[in-house]
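Asker: For the sequence shown, position 39 (counting from the first letter as 1) is numbered 39 according to this note's numbering, and the numbering increases by one without interruption. Ideal placement from N, C-alpha and C gives every residue a C-beta, glycine not left out. Owing to the predicted nature of the structure, the values given are computational and were not obtained by experimental measurement.
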Amino acid sequence: MPGMFLVLYCENFDFLKAALSCKGNINSKLPEEVNYALPFCGPLGLPDTILEEIDCGFTALQVLCMRPDGEYIDGKEILIEIVSLLIKVTHMKELFQGHSPLSMAIASGNISIVKTLLQSNIILPDQILGHQVGTALTVLLDPVRLKFVPLELLIQMMSCLIDAGANPLLIVNINSFRGTSLQYAHYNLENMKAQISTLSKKKKEKQLKNEEIKKYTIIVDHLNRKI
1 MPGMFLVLYC ENFDFLKAAL SCKGNINSKL PEEVNYALPF CGPLGLPDTI LEEIDCGFTA
61 LQVLCMRPDG EYIDGKEILI EIVSLLIKVT HMKELFQGHS PLSMAIASGN ISIVKTLLQS
121 NIILPDQILG HQVGTALTVL LDPVRLKFVP LELLIQMMSC LIDAGANPLL IVNINSFRGT
181 SLQYAHYNLE NMKAQISTLS KKKKEKQLKN EEIKKYTIIV DHLNRKI
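#1: Consult DSSP for T180 and reduce its assignment to one of helix, strand or coil.
#2: Should the segment 96-103 be regarded as contacting the segment 129-140, the criterion being three or more beta carbon pairs within less than 8 Å?
#3: Can you tell me which of H91, I106, S84, E94 puts its alpha carbon nearest to the alpha carbon of P150?
#4: Which residue's Cα is closest to the Cα of K88: L79, I78, L61?
#5: In the DSSP output, which residue or residues are listed as bridge partners for I174?
#6: Between Y184 and T217, is the Cβ-Cβ spacing less than 8 Å?
#7: Considering only their Cβ atoms, is the gap separating H222 from M158 smaller than 8 Å?
#8: By DSSP's criteria, F96 is part of a beta bridge. Which residues make up the other side?
#9: So E205 and L199 are in contact, right, with Cβ under 8 Å, and what is the actual spacing, rounded?
#10: Go ahead and pull the three-state DSSP assignment for R67.
#11: What would DSSP say about H222, mapped onto helix, strand or coil?
#12: Which value, in whole angstroms, describes the spacing of the CA atoms of L44 and K147?
#13: With DSSP collapsed to three states, give me the class of K88.
#14: Kindly indicate which three-state DSSP category L188 falls into: helix, strand or coil?
#15: Give a yes or no on whether the C-beta atoms belonging to L118 and C160 are separated by under 8 Å.
#16: For I113, which option in K76, I219, K226, N224 has the closest C-alpha, if you only look at C-alpha atoms?
#17: Work out the CA separation of H186 and G179 for me, nearest whole Å.
#18: Quick one: residues in its chain with C-beta nearer than 8 Å to the C-beta of K209, no 5 flanking neighbours on either side, listed in chain order?
#19: Taking Cβ positions, are L181 and P168 nearer each other than 8 Å?
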């Protein structure tokens with residue numbers, strides 16, 4: 001295991017700064033032999049199983065940005081402090097499976113890390129990501145986010161992105177879709193509405209889909225007002 005990951009287990013933030021001052025490689029990645037449940041950032045108070053599904057290939061910053069629970073842990077301030085330091089020394093344009101640290105934080109619903117990344121002025125909010133991803137804004141606009149991230153957080157993160165310079169009218173390519181992020185949002189909304197007809201005999205599923213559509217409509221309306 002790369003030494004930098006071990007350093008991040010400790011409770012003392014100064015250990016991380018010392019490791020960096022000694023030219024520790026913050027861009028090293030987790031090799032295959034350690035893609036099991038790691039007690040990553042144990043001092044933040046989470047059980048060892050938090051990263052059960054971790055894949056090899058992540059850098060330290062990418063792992064932190066994937067944490068879905070950063071808003072609710074006692075050590076949130078430590079997490080943000082570590083992220084702030086890592087931003088300055090990490091290769092920020094490097095992607096993993098098409099995702100940047102920013103898009104990972106958005107997908108995880110970790111608004112504190114999203115704000116920290118954007119406030120660094122190092123992150124490009126409109127960075128073009130993998131062909132299945134698009135940009136950070138289109139990651140947020142993927143309807144699947146509604147299953148994992150509260151609507152209020154999605155709205156807040158959208159405002160953060162656009163205030164930081166994300167352009168809803170930027171042309172993006174996501175699989176077979178090509179158009180602006182705004183068009184992508186409307187495209188998703190129409191697809192969601194079309195799915196209702198296939199659920200005509202499934203009352204509970206239809207009700208859940210209608211609730212998703214209501215929430216997604218709020219997101220689209222908020223995006224329209226931001227333009």
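Answerer: Checking against the coordinates, here is how it stands:
#1: Looking at T180 - three-state DSSP - the assignment turns out to be strand.
#2: The segment 96-103 vs the segment 129-140: in contact.
#3: I106
#4: L61
#5: F177
#6: Taking 8 Å as the Cβ cut-off, Y184 and T217 do not qualify as a contacting pair.
#7: yes
#8: BP columns for F96 point to H99.
#9: At roughly 5 Å, the Cβ-Cβ gap stays under 8 Å, so E205 and L199 are in contact.
#10: Three-state result, R67: coil.
#11: helix
#12: Summary for L44: the model assigns pLDDT 45, below 50, so the residue's position carries little reliability, and this model does not support an answer.
#13: coil
#14: One point to set straight first is that residue 188 is Asn, not Leu, in the sequence displayed. Helix.
#15: yes
#16: K76
#17: 11 Å
#18: M192, Q195, I196, L199
#19: As written in the sequence, residue 181 is Ser, which differs from the Leu given in the question. Yes; because the gap between Cβ atoms is below 8 Å, this pair is in contact.
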